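Have a look at the structure below, then the notes.
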Amino acid sequence: MTFDSNRAWQQAAAAIRANSEVLFALAGVFFLLPILAFTLMFPQSAPPAGADEQALMAFAAQYYAKTLPFAIPMAIVQAAGTLGLLTLLTDRTRPTVSQAIRTGFAALLPYLGAQLLLGFVAGMAGLLILSVFSLAGSGALVAVALAGLGVAGIYVWVRTSLSAPVISVEGVRSPFRALTRSWELTRGNGMRILAFYALILLAFMIVMSVMLALTGVLLTLLLPANLATIFSAVISAALQSIMALIFVAALAAAHSQLAGDTAERIGATFD
17 MTFDSNRAWQ QAAAAIRANS EVLFALAGVF FLLPILAFTL MFPQSAPPAG
67 ADEQALMAFA AQYYAKTLPF AIPMAIVQAA GTLGLLTLLT DRTRPTVSQA
117 IRTGFAALLP YLGAQLLLGF VAGMAGLLIL SVFSLAGSGA LVAVALAGLG
167 VAGIYVWVRT SLSAPVISVE GVRSPFRALT RSWELTRGNG MRILAFYALI
217 LLAFMIVMSV MLALTGVLLT LLLPANLATI FSAVISAALQ SIMALIFVAA
267 LAAAHSQLAG DTAERIGATF D
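The numbering used here applies: residue 17 is where the sequence shown begins, and numbers increase by one.
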C-alpha cells in the first residue's frame, strides 16, 4: 500500500477535533505539566563567554548530568501518555481517561523494551562502525561515518516509528515483534513517511518560533522578569504538548492506513 500523507493528516486532525477536550486533558497531564516542571526546575543558562570547545562540552555535560535524574522519569511518563493517547484515538469502546491511562501503563513495559532494544542494537552497530573508521586515523573518514550514521539513524527511526501504535492498537507485547511489525508496515513508504513527519515538525517549529518571539516581547514589556519567565515557560510547554498530541494522532493515522483491516478500529471512535 502506498502511504497517503494528505489522507493521514486529515484523519489525524479529524480525530483530534472529535474528542479534543479529553485528548487535551490527557496531553496536559502527561506532557504539559512534566515539560513545565522541567523547564522551571532546570532553566538553561548561557555558556561562559569566550569558552573553548572543551569548556563548552564540559558545560553541556554538567547540565545533562544534573537533569538526567528527572529527565528519565519524565520520558517514561511521556511514553505512558503516548500510549494512553493512542488508546483514546483508536479504541471504539470509547474508554474513559482513567481507562486509557491504565491501558497506557499496561503497554509501557513492552514499549520501553522495544526502545531499549532498538537503542542497544543501533548503539552497538554505530560504535562498531565508528571504531573501524577511527582505525584509519582520518578525521575526514570519521566525519563521513558520523554523517552516514545520522542518516541511517533517521531511516531506522522512521521504519520503527509505528512500534507504539503496534503495541497499543494491535496489542503486541513482544518488543522485538513490535519493531519488526513496524518495519513491515513501513516497507516501501519510508521516504513518504519521513516527508510526512518532517512537514509536521517543520510547521510546528515555525509556529512555535513565531509564537514564542511575539509573546516573549509582550511578556517582557508587560511583566516583571521572573513572571515573564514563568509565563513564557507555560506557553512553551503548552505548545510542545499540543505538538505531542498532533504527532501521536499522526502516528495513529499512519498506522491505521498502513495496517488496513488490522487497525480498522481507529477512527471508528469518532463515527
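Think of the CB as a built atom: it goes at the ideal place given N, C-alpha and C, for glycine as much as any other residue. Predicted model only: the values in this text are computed from it and were never measured.
Kindly indicate the opening and closing residues of the alpha helix (DSSP H) around R197. 191-201 is the extent of the alpha helix (DSSP H) around R197.
Cβ contact check for the stretch 105-116 and the stretch 263-279: 3 or more pairs under 8 Å: Touching, per the Cβ criterion.
Is A260 closer than 9 Å to T55 when the C-beta atoms are compared? The beta carbons of T55 and A260 sit no closer together than 9 Å.
Beta-carbon gap between T231 and S248 smaller than 9 Å: Cβ atoms of T231 and S248: closer than 9 Å.
Assign S61 to buried or exposed, taking buried as 16 or more other Cβ atoms, counted over all protein chains shown, within 10 Å of its Cβ. Counting Cβ neighbours within 10 Å, S61 comes out exposed, since fewer than 16 surround it.
Status (buried if at least 16 other CB within 10 Å, exposed otherwise) for S198: With 16 or more other CB atoms across the displayed protein chains lying within 10 angstroms of its CB, S198 is buried.
If you draw a straight line from the alpha carbon of I246 to that of R203, how long is it in whole angstroms? Cα to Cα, I246 sits roughly 45 Å from R203.
Proximity of A31 and A265 at Cβ, strictly below 9 Å: For the pair A31 and A265, the CB atoms are nearer than the 9 Å cut-off.
Can you tell me the Cβ-Cβ gap for W119 and P126, rounded? I've got them flagged as a contact below 8 Å. Note that residue 119 is Thr in the sequence shown, not Trp. The Cβ separation is near 12 Å, so there is no contact.
Flag this pair as yes or no: are the beta carbons of F149 and S21 separated by less than 9 Å? Not closer than 9 Å, so no.
Inter-residue spacing [alpha-carbon to alpha-carbon] between T83 and S147: Within the model, the alpha-carbon separation for T83 versus S147 is close to 29 Å.
Round the Cβ separation of A156 and I145 to the nearest angstrom and send it over; I've been treating them as touching at under 8 Å. In this structure A156 is not in contact with I145, their Cβ atoms being roughly 15 Å apart against a cut-off of 8 Å.
Examine the Cβ distances between the stretch 184-200 and the stretch 216-225 and report whether three or more of them are shorter than 8 Å. The stretch 184-200 vs the stretch 216-225: no contact.
In the structure shown, what three-state DSSP assignment does N22 receive? If DSSP states are grouped into helix, strand and coil, N22 belongs with the helices.
Same chain, Cβ closer than 8 Å to V250, five either side skipped, listed in chain order: Excluding residues within five positions, the ones whose Cβ falls inside 8 Å are L52.
Within its chain, find whatever has a CB closer than 7 Å to the CB of R33; leave out the 5 residues flanking it on each side and keep chain order. Counting only Cβ-Cβ distances below 7 Å, and skipping sequence neighbours, we find nothing.
A141 (DSSP reduced to helix, strand or coil): Of the three classes helix, strand and coil, the one that applies to A141 here is helix, per DSSP.
When the distance is taken between beta carbons, is S179 closer than 9 Å to A194? Contact flag set, yes.
Are the beta-carbon atoms of I92 and L134 separated by less than 9 Å? No, they are not a contact pair.
List the whole-angstrom C-beta distance separating L48 from V113, where the pair is believed to meet the contact cut-off of C-beta under 8 Å. A Cβ-Cβ separation of about 15 Å leaves L48 out of contact with V113 under the 8 Å criterion.
Which residues in the same chain as A29 place their Cβ atom closer than 7 Å to its Cβ, once the five residues preceding and following it in sequence are excluded? Taken in chain order, the list of residues that qualify is empty.
Option in M73, L101, Q131 with minimal Cα separation from L39: When each option's Cα is compared against that of L39, the closest is L101.
Compare the Cα-Cα distances from V137 to each of T176, F121, M227 and report the closest residue. Relative to V137, the option among T176, F121, M227 whose CA is nearest is T176.
By the 10 Å Cβ neighbour count, where 16 or more other Cβ atoms means buried, how is A152 classified, buried or exposed? Looking at its Cβ environment, which holds fewer than 16 other Cβ atoms inside 10 Å, A152 is exposed.
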